[in-house]
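There are 4 protein chains.
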Amino acid sequence: MPKQGQCVFFGSDNWAGAAPEINEALAAASSGFAAAYGGDDLTSQLRDELGAFFDRDVDVFCTATGSGANMLALSAVARPGGVVLAQRDAHILVDEACGPESLVGMKLHKLRGRQGRISAQEVLEGLAAYPEGAVYRGRVIAVSMTQGTELGTTYCVMDVAAIGSIARRNGVVLHMDGARFSNALVAQNVPPKAITHEAGVDLLSLGFTKNGAWASEMVVSFRPEFRDDLAYRNKQMGQVFSKNRFAAAQALAMLKDDRWRVLASHANAMAAKLSDAVSGLPGCRLAAPTEINEVFAIMPSAMAETLSQAGAVFAPWPADTVDDDMSVGEGETLVRLVASFATTDEHIDQFVDAASKAKAA
Amino acid sequence: MPKQGQCVFFGSDNWAGAAPEINEALAAASSGFAAAYGGDDLTSQLRDELGAFFDRDVDVFCTATGSGANMLALSAVARPGGVVLAQRDAHILVDEACGPESLVGMKLHKLRGRQGRISAQEVLEGLAAYPEGAVYRGRVIAVSMTQGTELGTTYCVMDVAAIGSIARRNGVVLHMDGARFSNALVAQNVPPKAITHEAGVDLLSLGFTKNGAWASEMVVSFRPEFRDDLAYRNKQMGQVFSKNRFAAAQALAMLKDDRWRVLASHANAMAAKLSDAVSGLPGCRLAAPTEINEVFAIMPSAMAETLSQAGAVFAPWPADTVDDDMSVGEGETLVRLVASFATTDEHIDQFVDAASKAKAA
Amino acid sequence: MPKQGQCVFFGSDNWAGAAPEINEALAAASSGFAAAYGGDDLTSQLRDELGAFFDRDVDVFCTATGSGANMLALSAVARPGGVVLAQRDAHILVDEACGPESLVGMKLHKLRGRQGRISAQEVLEGLAAYPEGAVYRGRVIAVSMTQGTELGTTYCVMDVAAIGSIARRNGVVLHMDGARFSNALVAQNVPPKAITHEAGVDLLSLGFTKNGAWASEMVVSFRPEFRDDLAYRNKQMGQVFSKNRFAAAQALAMLKDDRWRVLASHANAMAAKLSDAVSGLPGCRLAAPTEINEVFAIMPSAMAETLSQAGAVFAPWPADTVDDDMSVGEGETLVRLVASFATTDEHIDQFVDAASKAKAA
Amino acid sequence: MPKQGQCVFFGSDNWAGAAPEINEALAAASSGFAAAYGGDDLTSQLRDELGAFFDRDVDVFCTATGSGANMLALSAVARPGGVVLAQRDAHILVDEACGPESLVGMKLHKLRGRQGRISAQEVLEGLAAYPEGAVYRGRVIAVSMTQGTELGTTYCVMDVAAIGSIARRNGVVLHMDGARFSNALVAQNVPPKAITHEAGVDLLSLGFTKNGAWASEMVVSFRPEFRDDLAYRNKQMGQVFSKNRFAAAQALAMLKDDRWRVLASHANAMAAKLSDAVSGLPGCRLAAPTEINEVFAIMPSAMAETLSQAGAVFAPWPADTVDDDMSVGEGETLVRLVASFATTDEHIDQFVDAASKAKAA
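For the protein sequence lines, the chains are S, Z, E and R, in the order given. Sequential numbering of the first sequence, starting at 21, is according to our numbering. Sequential numbering of the second sequence, starting at 21, is according to our numbering. Sequential numbering of the third sequence, starting at 21, is according to our numbering. Sequential numbering of the fourth sequence, starting at 21, is according to our numbering.
Shown next, in the form of structure tokens:
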């Protein structure tokens, strides 16, 4: 890999560090004594602030990672024979080393999705695949949606509500993986409550890490009856920080003055700019509209290669991620380009400049 | 609880915040881009530094918590029917919400111990309780020792080596829960290697959080053959920080200029001072010698009550924690007093002063 | 081991084969076609017959083994952090290869018991060991009683009711391991309902195998709300026979004309006779009163040795099984002698005869 | 459902009862005393007989069900992050209520297959989907083949060997689900060893229940290093019959004078006859060649309906089970017709007769 100085990084929003406000918050939280394991004032304050954020009482359980949050949420609703419906590229399906199956004990049922979004129709078909009485098949206990999706798109309020009402009618829980919830919120520009509990979301994995914290992930529960199971499981998973005040401090810093929005808006804007530029390059096209801070583009493999050599850091993506009516052809590569709070105009200009050169070459 | 200003905190070393060096390290790590999930330079550097620390190659897996580290270590050696021998008050047995049983899938076999230490003889008896061929009983797969112990004592090199050789001879793994490893190392004043891998320790849960970090816990493996299982399980448990550079940075800050030693020495010294003072109070005696940063004292319940009202924060401890030849009598309370890097002489003076008053009263 | 012809078998009631009625039932069930996996008429009939037996509607789930039944029952009530209270020698604790911990995911908390019985007081103490809010400890979700006990005694209706009401008040489930339920019922001579659901039992592992079937074990649930979880888990555990009619046929044969009672009465009577004889032998005494078909006796080791050589098959038992106020001395051995439907007066006479000779020797 | 007398049963080979030889064997095994949990002579004899059957030493672990055998086999090879490759309609994937995921802790990766068979090419693609180093994806630990397949076909020696060598080269275990192994063996007419261990099969779930026993399922292991894990896990799963002599007796009866072959040959012949007849009916065609005792046919829905009303018992099958180049059209139904040792020519004649009438109508 070229030296960092020479690189432009679109590898992942996890490659960025932490925003200044996070460091300030951590430093401010570091002195004095406070109860461990979430008994501290900052943790209580976080619950209150998130209650205000979602405009209703919520339970909050901080975890170390988004995978931890997802598994915690699903563990609270797991039952014998339990199956969870999710889009085939969902993080719980392909990026958590089989933890959901192994440690939560569920089967994950893949829904195809379109542009990263699962549809109400697909959810109904998924439910139909596990008819009542077919005990040998198992039973659907939850639907998991990823907001923003794994293809850089988002669900609007009506998308969520349509699936939420199906979930409610069928007695299954609706989980939302919000690893990029801030980016989706900026894209949809609706009140947090409108696109979560009011639309039928029961459990939200809320992540501020990709948004600019160093480790700020949590399960926000809109269902008080899950409180005890979530509390015991969180502890049981080894996901409860002993000095949780530091986890709470980061989330509070993100909520303060809508810092989450400022940072996510920047990341989305950078991605939009990058998306426009890349889609204008010869031989390049988008695999899906760029709605959050991720750009999925199909480009000539030679261009991708040249860009890498020029010091651009980004990830080639599995070709079968694209929809069926679109395909990654011979000599083409699907790439994922992720912007973050730390992305600058210069990064994008360098990237596009190198890409243009590549094309010229 | 009285206002923080009026309190002296001996509740737990988890109640202290983070040492200044930790904040500096976190701030320094926060800028620029770096590979996620441990692919960064700081994580590599940590492996090298710990290799130097233990004077041999090691594998290092950062986790969010000590419970996570313990479960990760044991998961790598878990087999069907697996049983782990541990001192009856071990953290894995009484403080992890049954995670080791539930998520690792093992039975934990309690050894009585003395002054918090299990003996080679007890380990042999534990092994004998699961004879070969008695499949219905299960089989011992590991012994877990806690260094420093749950009663504020430590194992010397010979203690560890005696159990280590039994473990080796019986083909079981020796795990060490080192949540207070720094404090034990200061107390024993021996090279890290002498009291770990050279004495037969295979897997170490190494914790710097109680030592003064905000979240710095890891499994250090001295057995390369466990590498893959540890790597997959760590990811599977949702214990791999996406921005692991911040976890590595904390551990590196602890290792730099033996910061761990400076902070642990202070905590131990404060505990020693407190121990001397408390054991000198009328009606007070120690439940075990104070070798690290924890004091376990039996005191008149009235004194404990007065101290609490005076603003001293500390934990009453289960009376059955003490050895059989010692007992917590009527009107007496066993208390745990924990010092940390943040404990000051003033804290101790206030506590002892209040205790003396209590006695006079 | 001596040839079978020369032996008298008190090794276990599992060493006996099957009663004639069982063979007849299996043969009768073997012709014709019937729905698999419990959809057959015999399975429906079994549910009805057991409903009549317990004088209320019940759910019935056949399993392959008693261990399977125990794990199935406990799986239906398992929650994160779940702990089950049981007598320290309970089958789930010492004879199931850690399956309850590993596959159900619970911690088992040992209660000391007296003469094999746990007391209401011990249950209260067990509950107190997991105070509300102490999430790190876990929480009690069930109490498991073994009827008849692992020391050959039984619980009377009041014993069960006392624990049943505590369970109900504390919101925990009461499970009964009835591997020798028939023998206990004969000993207590009360209606099945009186000593189960009327006394607070929620889930019963009902075993007819030791009673004389070859494989007839089931979970009888008195709690309709557990139906679905039990059904899915049973299938999930691979415990649902494809040709369940044969499992049902065995249980039906046991219920027909109270065959269970005839066979258990014989086994109990044989054990009583053996118990009287053995307790009369010099140097011999009972470790607990013989209430069912098991005799626990402390005898001179020399006598035990001579008996084995003479062809008596029985199991030496862990000395620490006896109560604290009783002890197995130097040169003494605790032995378990189990009678079954197949035990004859001759077996007992031979045994006692050999024992007397041993003593004379 | 029509009365049994009026019915012809092609619902499943699990709907048949037990062959006479099984009843005789059970009756013969029922008298006398024998060691429990597999310590008896019949169990030892079974190991020897299966050793002779496969022409090499084997380990044998009886289970209650085929699902139990599959989970036991896979449990022995499970590792953190473990993934198993299997044909998308495999029993472990769609008929075991998520037990493999939940109780073994693995992800199951679907391979498309053709006519029920997975190809070496698909296995290579499956392996490629979990590249080394992509810890977040998990890692392939085993390939599971079903012999005969879920579409009534079989793998020849070369099919198995091709996948076996890939498994060996990639360090993954090859498991064979042999729920209908006898039928496949008759179809392929090769020595058992040739199509199992000599072709690279490590673990075989061998089932005699569908073949004519009432409950005779077992794991046959060709890998001595799995012995301990299999033994502990079998006990842990509650799959070890206390009176295992009865399980062994059934398998021995099947092996004696090649009874398995006689019964499977009959079942296959009946299926062949049925297949020929059905494929000759107007509007009917086979979804796959009939190689064992299962016929998968696509027929006019009206015909299927008429047959059901006429008393034919059989299962409609998911339309997406057929290969991509074949489809179940409008007004058509895919049905599974299963013959067994108990199927007679009359059954088939009645069925075909009714079908012809249906067509005429």
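Glycine is no exception: its CB is placed at the ideal position from the N, C-alpha and C atoms.
Within-8 Å CB hit, residue i to chain B
i: S122(S); result: Looking for chain B here will not work: the only protein chains present are S, Z, E and R.
8 Å Cβ cutoff met for residue i and residue j
i: S394(R); j: M126(S); result: Lying outside 21 to 381, the shown extent of chain R, residue 394(R) is not represented and no answer is given.
i: V28(Z); j: Q270(Z); result: no
i: L46(Z); j: L272(Z); result: no
i: L283(R); j: F246(R); result: no
i: A392(R); j: A307(R); result: Residue 392(R) cannot be examined here, being either before or after the span of chain R that is shown, 21 to 381.
i: A199(Z); j: H111(Z); result: yes
i: G58(R); j: N288(R); result: no
Where the beta strand (DSSP E) containing residue i begins and where it ends
i: Q107(Z); result: G102 to Q107
i: T83(R); result: D79 to T83
i: T166(E); result: R159 to T166
i: A317(E); result: E314 to P320
i: S193(Z); result: Note on residue identity: the sequence assigns Val, not Ser, to residue 193(Z). Segment V193 to G198, the beta strand (DSSP E) holding V193(Z).
i: G227(E); result: L223 to G227
Any C-beta of chain R under 8 Å from that of residue i
i: E145(S); result: no
i: M126(S); result: yes
i: F361(Z); result: no
i: V177(S); result: no
i: T353(E); result: no
i: S95(Z); result: yes
Reduced DSSP secondary structure (H/G/I, E/B, other) of residue i
i: V114(E); result: helix
i: L301(Z); result: coil
i: G88(E); result: helix
i: M238(R); result: strand
i: R356(E); result: strand
i: G119(E); result: helix
i: K23(E); result: For K23(E), the pLDDT reaches just 47, beneath the cut-off of 50, and the residue's location in the model is therefore unreliable, leaving the point undetermined.
i: P212(S); result: helix
i: K127(E); result: strand
i: N66(E); result: Here residue 66(E) turns out to be Leu, not Asn, going by the sequence shown. In the structure shown, L66(E) sits in a helix (DSSP, three-state: H, G or I).
i: A332(Z); result: strand
i: R279(E); result: helix
CB contact check: residue i to chain Z, cutoff 8 Å
i: D249(R); result: yes
Test: residue i CB closer than 8 Å to a CB of chain S
i: G52(Z); result: yes
i: Y252(E); result: yes
i: V163(R); result: no
Any chain E beta carbon closer than 8 Å to residue i
i: P22(R); result: In this prediction, P22(R) scores a pLDDT of 42, lower than 50, which makes its location untrustworthy; the coordinate-derived value is nonetheless stated afterwards. Not closer than 8 Å to any Cβ of chain E, the Cβ of P22(R) fails to qualify, so no.
Host alpha helix (DSSP H) of residue i (start-end)
i: K255(R); result: R247 to Q256
i: L272(Z); result: R265 to L275
i: G184(S); result: V177 to R189
i: G146(R); result: A140 to A148
Query raised in the report: Counting pairs of beta carbons, one from the region 224 to 231 of chain S and one from the region 253 to 269 of chain S, are three or more of them closer than 8 Å?
Result: no
Query - Given 8 Å, three or more beta-carbon pairs between the region 313 to 320 of chain Z and the region 177 to 187 of chain Z - result: no
**Report entry** the region 61 to 68 of chain S contacting the region 210 to 227 of chain E, beta-carbon criterion three pairs below 8 Å
**Finding:** no
Requested in this report: May I ask you to verify whether the region 328 to 346 of chain S touches the region 288 to 303 of chain S, counting CB pairs closer than 8 Å and requiring at least 3?
Outcome: no
**Report entry** Inter-stretch contact (C-beta, 8 Å, three-pair minimum) for the region 155 to 172 of chain Z and the region 184 to 192 of chain Z
**Finding:** yes
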